[in-house]
Amino acid sequence: MSASEEKAKEVSAEAADTSKGQNTTGIVFIFFVIGLVASLLVGWIAFPKVLYSQKKQPFDFNHKNHMEMVDNGCQSCHFFREDGTFSGAPKLAQCIDCHEYVQGGSEDETIFVEQYVANYHEVPWLIYSEQPPCVFFSHAAHVKGAEMDCRTCHGDIGNSTSLPVYEYNVITSYSRNIWGKNIAGFKKNTWDRMKMDDCSECHQKNDVKQYSVQTEKGPCFVCHK
Amino acid sequence: MKLSRRCFLSFAIGAAAGINLTPLPWKLTDDLSIWTQMWPWTPVPSDGEYTFENTVCTLCPGGCGISVRKVDQRAVKIEGMKDHPVNNGGICLLGASGLQYLYGPFRVESPMKRVGNRGEGNWKKISWEQAIAEVSEKLGEIRANGSPEKVAVISGNKEGTIAGLWERFLTVYGSPNYMTPAGIEDSYEAALYLMQGAKGSVGLDLENANFVLSFGSGLLEGWGAPVRMFQASAKVLEKGKVIQFEPRLSNTAAKMDQWVPIIPGTEAALAMGIAHVIIREKRYVKNFIDTATSGFAEYQDLVMKDYSPEQVAEITGVPDSLIVDIAREFTEASKPLAVCGRGKGLIPGNIHEIMAVLALNALVGNINSEGGIWSVPKPGYINWPDPVLDETALAGLQKGRADGAGSEQYPFAKSLLDRFPKMLNEDKSYGIEALLVSNANPLFSMPDSENVRKAFSNIPCIISFSSFMDETAQFADLILPDHIYLERYEDVATLSMFQKPIVSLAKPVVKPEHDTMHTGDVIIKLAASIGGSVADAFGWDNYEACLEETLGNQWESLKKQVVSLDNGFAPNPWAYESKTGKMEFVATAINKSPDSKIGIPHYEDIGIDGEAGNYILIPYDSMALSTGYVASTPYMVKIVSDKVLNQKYTVVQVNPKTALELGLKEGSSVVLTTGVGEVRVKVTLYEGIMPNVIAMPSGLGHTAYDDYMGNGKGVNINRVLGTVEDPVTGLNAAWGIRAKLSKA
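Right, here's the structure in full:
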């Protein structure tokens, strides 16, 4: 082989290398994109599904139906006790007056009467807005003191006809309502999230005392006693 | 397409970039931080309605009212009941930590049957039906053999319906052997009977006294009703004076106006010495002595002959001039009061010492009068018809008691539990075949505990009714666990040292935590199961029905009010139920030869046990350590000082002079030996203890509960303490024991 032929061969080999390099870059980029898209799918779609598990309430409940029958709004059932503490989810004792026997024809009421009322077992309601035990929260201070509407934190649950699915965080076991439905933590309404920042946002906005009334310690101690 | 390493790296970079554009890392970080700060397995008490329910604490004989705070029906705190006549809102450490008994892991959770050897701790759960069937079969068998007296019951219930049911059960069954642990109240009762003919309990109107001579009584260590004693002592200190005679600077001695160290066991002599000065200087209340008492001349002769301040100073170590001063101060006070009974009053003590103190009170005219010492009638609400006894029962009851109470030797005693192990070990002919233990832990709380264990090991069948896996339950063959006090009804008939008739009702404030049963119900079921005349004597369906019928019209009000007090009660200081109708300085109930002093208050060296050593060991009590049936709670064990408990060793207090003699230093390990046993302890130097006296804390050294309840923490003082029988009552009068210390 002559020297010129050899040179030409080297050149064509180089050209071949260059075209191969362009191909490889494309594949590498595709893999980058696959990685990116896959992780976005994992992070935005799969992760929330894995992070939150669902539990069923013992039976369904129609708030709207009950609201139409009571005189005192939410506080007819979710009332303040004499000592000022908040009763939370109603106990059997409050329901039993009307529901000693099945009244309507709903399947849920039948479950309630037969499984709970008849045996006097309290209904193990799953509480959507349950704050962790490290949080001191006084309904009296907010509802009576600051005259806040229940909807500010709980939304328009009073007009709902059925209970939403209860979801809880498998790591912390908190209800999903604390972080909010939006996995990114964005919220539109005041009741969408119930994290610490959401409490403090409102406290700052309304210029609530930035110290504990009981101990006169700093802002942390307002809620973390 | 060929996958290269660069592809994988590219994928990973893409994934890493992408994941940071999702909420995953931020949300996960948040959740993990929450998880690590609030472990989901950490128990959190449920939220709910806050309620308070009132009941009575039966952990000691004090009978304080308590308010149990509940959240969503779960008991979370015990507080003192406001306006209660005994404790008026106050509470002691034991009472406040009572929930640790309710939720403690040392509860017996269901009936248990021993498998394997006794005391090994191997148990099998059995049903209540089986447990009751087994006990009734065993008791039926013993009865069928014609020896019902071979069944004995040791119970912490002295009064009330539980005691009544046990005694009724034993009576119709045919056994006289109902035994209860004795304390200072029993000796006081005996003394009141001997000197006044009173068949009641003792009451101290401490709140109205303004000058108190306390002959070693631990007014601040848990004597009587502890909370009441704290409050009443504070009242006396506010308006007057309290002098504490004690060999050791106890908490009580430290807080009172004056501490007078006294040679242990000589308190009676001091009381007689003070009486000498009062009589010599004619400072006694002549009107009372002349009108309402008898035998004064004989008492006066003895006091004048043997108890001059100089003679008493010799015996007690208290300077004669001080005796004179104290006697004068005592009589000059408008409401003087003398009390005795060492520490918490767990040891019944010497009857003559109590008589000497009662006589001292009589000299200042405060028997049955304001600010004085009262005899309080026992409540009479138990009016059950007499049971019909069959021949077996009558024959069994004819046999004497296994502890010798009520015998010719000890006619005044109702029960002599401390004598029982000794009698069992010395005379095997009685042959107890079944021992039922209810509301008591004799293997821990009785002196000479090794001897008690030896005696019990010869009993073929031991049945415990304890709510807790205590030392006696651990040694039993069957356990039929009772509810604890917060889970059950129980009437409380007599309160320690309380001056007015009072009836309280403990009621269930929570549902039973475990598969336990009220011992009252078990007795009724056992009787029904045995059948015949035994069953006929129990006409009640259950204990609650029995209690309701017994309390009659008080039942409803007691359920609401918890306590019923006869506030207007005032005993008569001028009339007594004795043979002479007077308060007797010389007890005519005691048959005595003319030259015997046995019926007269006097000091007697009762000759405490043991020849070992030149030192005297005395037990001491404190509020931080529980000494009876119930063990100290974990909260209590935590606050015990390292001068009391050092790691696993009990610490004994020794005067620096004594330590110098023995070459001991602070913290030295020593072996403490008495005639009863020897234990290894540590030493602390304490100038508040008399030389040649060693003080050891009681209540330590449990072995059955768990580490938090004091297992392996210190040593049980009852391993080195013995008993001495009082010559009149037969009750344990030992206030200490001779001991020696040697370097370990």
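Residue numbers (my numbering), protein chains in the order written: chain F, 1 to 225; chain X, 1 to 744.
For each residue, glycine too, the CB sits at the ideal point set by N, CA and C.
For this session: Say whether chain F places a C-beta atom closer than 8 Å to the C-beta of Trp39 of chain X.
Result: Counted from its first residue, the second sequence places residue 39 of chain X at position 39. At a cut-off of 8 Å between beta carbons, Trp39 of chain X makes no contact with chain F.
Exercise. Which ranges would you report for the beta strand (DSSP E) in the region 241 to 292 of chain X if only whole runs of at least 3 residues count?
Worked result: Those beta strand (DSSP E) runs which fall completely within the region 241 to 292 of chain X and span 3+ residues are 241 to 245, 258 to 260.
Exercise. How about Asp418 of chain X and Asn732 of chain X: are their beta carbons less than 8 Å apart?
Worked result: Along the second sequence, one-based indexing puts residue 418 of chain X at 418. Along the second sequence, one-based indexing puts residue 732 of chain X at 732. Yes, they are a contact pair.
Exercise. Between the region 544 to 551 of chain X and the region 48 to 65 of chain X, are three or more C-beta pairs nearer than 8 Å?
Worked result: Judged by Cβ distances under 8 Å, the region 544 to 551 of chain X makes no contact with the region 48 to 65 of chain X, as fewer than three pairs qualify.
Exercise. Any beta-carbon of chain X closer than 8 Å to the one on Ala16 of chain F?
Worked result: As a working note, residue 16 of chain F is residue 16 in the first sequence. Only weak support is given to the placement of Ala16 of chain F: the predicted model assigns it a pLDDT of 49, under 50, and the question is left unresolved by the model.
Exercise. Is Ala402 of chain X helix, strand or coil by DSSP?
Worked result: Taking the second sequence and counting its residues from 1, one reaches residue 402 of chain X at position 402. In the structure shown, Ala402 of chain X sits in coil (DSSP, three-state: anything other than H, G, I, E or B).
Exercise. At a Cβ cut of 9 Å, what residues of the region 41 to 71 of chain X count as close to chain F, listed as they run along the chain?
Worked result: From the region 41 to 71 of chain X, only Thr42, Val44, Pro45, Asp47, Gly48, Glu49, Tyr50 have a Cβ closer than 9 Å to chain F.
Exercise. In terms of alpha-carbon separation, which member of X:Leu495, X:Glu353, X:Asn567 lies closest to Lys158 of chain X?
Worked result: Position 158 of the second sequence, counting from 1, holds the residue named residue 158 of chain X. The residue from X:Leu495, X:Glu353, X:Asn567 with its alpha-carbon nearest to that of Lys158 of chain X is X:Leu495.
For this session: Compare the C-beta of Pro23 of chain X with all C-beta atoms of chain F and state if any pair is closer than 8 Å.
Result: Taking the first residue of the second sequence as 1, we reach residue 23 of chain X at position 23. Put simply, the CB of Pro23 of chain X is near chain F, with a gap under 8 Å to one of its CB atoms.
For this session: Would you check if the distance between the CB atom of Pro447 of chain X and the CB atom of Gly183 of chain X is smaller than 8 Å?
Result: By 1-based counting over the second sequence, the position of residue 447 of chain X is 447. By 1-based counting over the second sequence, the position of residue 183 of chain X is 183. For Pro447 of chain X and Gly183 of chain X, no; Cβs fall outside 8 Å.
For this session: Give a yes or no on contact between the region 694 to 714 of chain X and the region 328 to 340 of chain X, applying the rule of three or more CB pairs nearer than 8 Å.
Result: Not touching, per the Cβ criterion.
Problem set entry | Enclosing alpha helix (DSSP H) for Trp166 of chain X [first to last residue] | Numbered from its first residue, the second sequence carries residue 166 of chain X at position 166. 160 to 173 is the span of the alpha helix (DSSP H), which, as asked, contains Trp166 of chain X.
Problem set entry | Boundaries (first-last residue) of the alpha helix (DSSP H) holding Asp491 of chain X | Locating residue 491 of chain X in the second sequence gives position 491, counting from the first residue. From DSSP, Asp491 of chain X is part of no alpha helix (DSSP H) but of the beta strand (DSSP E) over 490 to 492.
Exercise. Using the beta-carbon of each residue, which ones in chain X are nearer than 9 Å to Arg176 of chain F?
Worked result: Working through the first sequence from its first residue, we reach residue 176 of chain F at position 176. Within 9 Å of the CB of Arg176 of chain F, no CB atom of chain X is found; the nearest one sits about 11 Å away.
Problem set entry | Beta-carbon proximity list for Ala589 of chain X, same chain, < 6 Å, skipping 5 on both sides | Along the second sequence, one-based indexing puts residue 589 of chain X at 589. Around Ala589 of chain X, the same chain offers Leu194 as residues with beta carbons nearer than 6 Å, after the five sequence neighbours per side are excluded.
For this session: State the start and end residues of the unbroken beta strand (DSSP E) segment that holds Ser632 of chain X.
Result: For the purposes of this step, residue 632 of chain X is taken as residue 632 along the second sequence, with counting starting at 1. Where Ser632 of chain X is concerned, there is no enclosing beta strand (DSSP E), given that its DSSP letter is neither H nor E.
Problem set entry | N-terminal and C-terminal residue of the alpha helix (DSSP H) that Ala96 of chain X is part of | The residue labelled residue 96 of chain X in the question sits at position 96 within the second sequence. DSSP places Ala96 of chain X in the uninterrupted alpha helix (DSSP H) bounded by 93 to 96.
Exercise. Roughly how far, in whole angstroms, is the beta-carbon of Val172 of chain X from the beta-carbon of Pro387 of chain X, given that I think they are within contact range, below 8 Å?
Worked result: Taking the second sequence and counting its residues from 1, the one referred to as residue 172 of chain X is at position 172. Taking the second sequence and counting its residues from 1, the one referred to as residue 387 of chain X is at position 387. Contact between Val172 of chain X and Pro387 of chain X is confirmed by a C-beta separation of about 5 Å, below the 8 Å threshold.
Exercise. Can you tell me the Cα-Cα spacing of Gln300 of chain X and Ala402 of chain X, whole angstroms?
Worked result: Numbered from its first residue, the second sequence carries residue 300 of chain X at position 300. Numbered from its first residue, the second sequence carries residue 402 of chain X at position 402. In this structure, the CA atom of Gln300 of chain X is about 39 Å from the CA atom of Ala402 of chain X.
Problem set entry | CB contact below 8 Å: Leu126 of chain F versus chain X | By 1-based counting over the first sequence, the position of residue 126 of chain F is 126. Not one chain X Cβ lies under 8 Å of Leu126 of chain F.
Problem set entry | Per DSSP, cross-strand counterpart(s) of Val652 of chain X | The residue labelled residue 652 of chain X in the question sits at position 652 within the second sequence. Answer by DSSP bridge pairing, in chain order: X:Val683.
For this session: Would you list, in chain order, the members of the region 5 to 33 of chain X that have their beta-carbon closer than 7 Å to a beta-carbon of chain F?
Result: Cβ contacts with chain F: Arg6, Cys7, Ser10, Phe11, Ala12, Ile13, Gly14, Ala15, Ala17, Gly18, Ile19, Leu21, Thr22, Pro23, Leu24, Lys27, Asp31, Leu32.
Exercise. Which same chain residues, not among the five before or five after Ser10 of chain X, have their C-beta less than 6 Å away from its C-beta?
Worked result: As a working mapping, residue 10 of chain X is identified with position 10 in the second sequence. So no residue of the chain qualifies.
Problem set entry | First and last residue of the uninterrupted beta strand (DSSP E) at Ile693 of chain X | Numbered from its first residue, the second sequence carries residue 693 of chain X at position 693. The displayed chain sequence assigns Val, not Ile, to residue 693 of chain X. Segment 693 to 697, the beta strand (DSSP E) holding Val693 of chain X.
Exercise. Using the beta-carbon count (16 or more within 10 Å), is Thr519 of chain X buried or exposed?
Worked result: Here residue 519 of chain X refers to the residue found at position 519 of the second sequence. Buried, by the Cβ-count rule.
Exercise. Among X:Ile639, X:Ser217, X:Phe420, which residue has its Cα nearest to the Cα of Glu353 of chain X?
Worked result: One-based indexing of the second sequence puts residue 353 of chain X at position 353. With distances taken between CA atoms, Glu353 of chain X lies nearest to X:Ser217 out of X:Ile639, X:Ser217, X:Phe420.
For this session: Mind listing the chain X neighbours of Ser173 of chain F? Cutoff is C-beta to C-beta under 8 Å, in chain order.
Result: Position 173 of the first sequence, counted from the start, is the residue given in the question as residue 173 of chain F. Within chain X, the residues near Ser173 of chain F are Pro40.
For this session: Report yes if the CB atom of Glu44 of chain X is closer than 8 Å to the CB atom of Gly62 of chain X, and no otherwise.
Result: Position 44 of the second sequence, counted from the start, is the residue given in the question as residue 44 of chain X. Position 62 of the second sequence, counted from the start, is the residue given in the question as residue 62 of chain X. Looking at the sequence shown, residue 44 of chain X is not Glu but Val. Against a cut-off of 8 Å, the Cβ pair of Gly62 of chain X and Val44 of chain X comes out as no contact.
For this session: Show which residues of chain F have a CB atom less than 7 Å away from the CB atom of Trp128 of chain X.
Result: Taking the second sequence and counting its residues from 1, one reaches residue 128 of chain X at position 128. None at all; the shortest Cβ gap to chain F is about 23 Å.
For this session: Use the C-beta contact count for Arg248 of chain X: other C-beta atoms within 10 angstroms, 16 or more gives buried, fewer gives exposed.
Result: Stepping through the second sequence from its first residue, residue 248 of chain X is reached at position 248. A residue is called buried once 16 or more other Cβ atoms fall within 10 Å of its Cβ, and Arg248 of chain X is buried on that count.
Exercise. Helix, strand or coil: which one does DSSP assign to Val522 of chain X?
Worked result: Sequence index remark: in the second sequence, residue 522 of chain X carries index 522 (1-based). Collapsing the DSSP output to three states places Val522 of chain X in a helix.
Problem set entry | Closest Cα partner of Pro176 of chain X within the set X:Pro309, X:Val151, X:Ala163 | In the second sequence, the residue the question calls residue 176 of chain X occupies position 176. Nearest to Pro176 of chain X by C-alpha distance, out of X:Pro309, X:Val151, X:Ala163, is X:Val151.
Exercise. If you draw a straight line from the C-alpha of Gly747 of chain X to the C-alpha of Lys560 of chain X, how long is it?
Worked result: Beyond the ends of chain X as shown, which are 1 and 744, falls residue 747 of chain X; an answer cannot be given.
For this session: Specify the secondary structure class of Ser44 of chain F as computed by DSSP and reduced to three states.
Result: Here residue 44 of chain F refers to the residue found at position 44 when the first sequence is read from its first residue. Correcting the residue identity first, residue 44 of chain F is Trp in this sequence and not Ser. It is helical.
Problem set entry | One or two residues paired with Leu547 of chain X in a DSSP bridge | Within the second sequence, numbered from 1, the residue matching residue 547 of chain X stands at position 547. Answer is none; Leu547 of chain X lacks a bridge partner.
Exercise. Within the chosen definition, does the region 286 to 295 of chain X reach the region 567 to 582 of chain X through at least 3 CB pairs nearer than 8 Å?
Worked result: Taking 8 Å as the limit for Cβ pairs, the verdict is that the region 567 to 582 of chain X does touch the region 286 to 295 of chain X.
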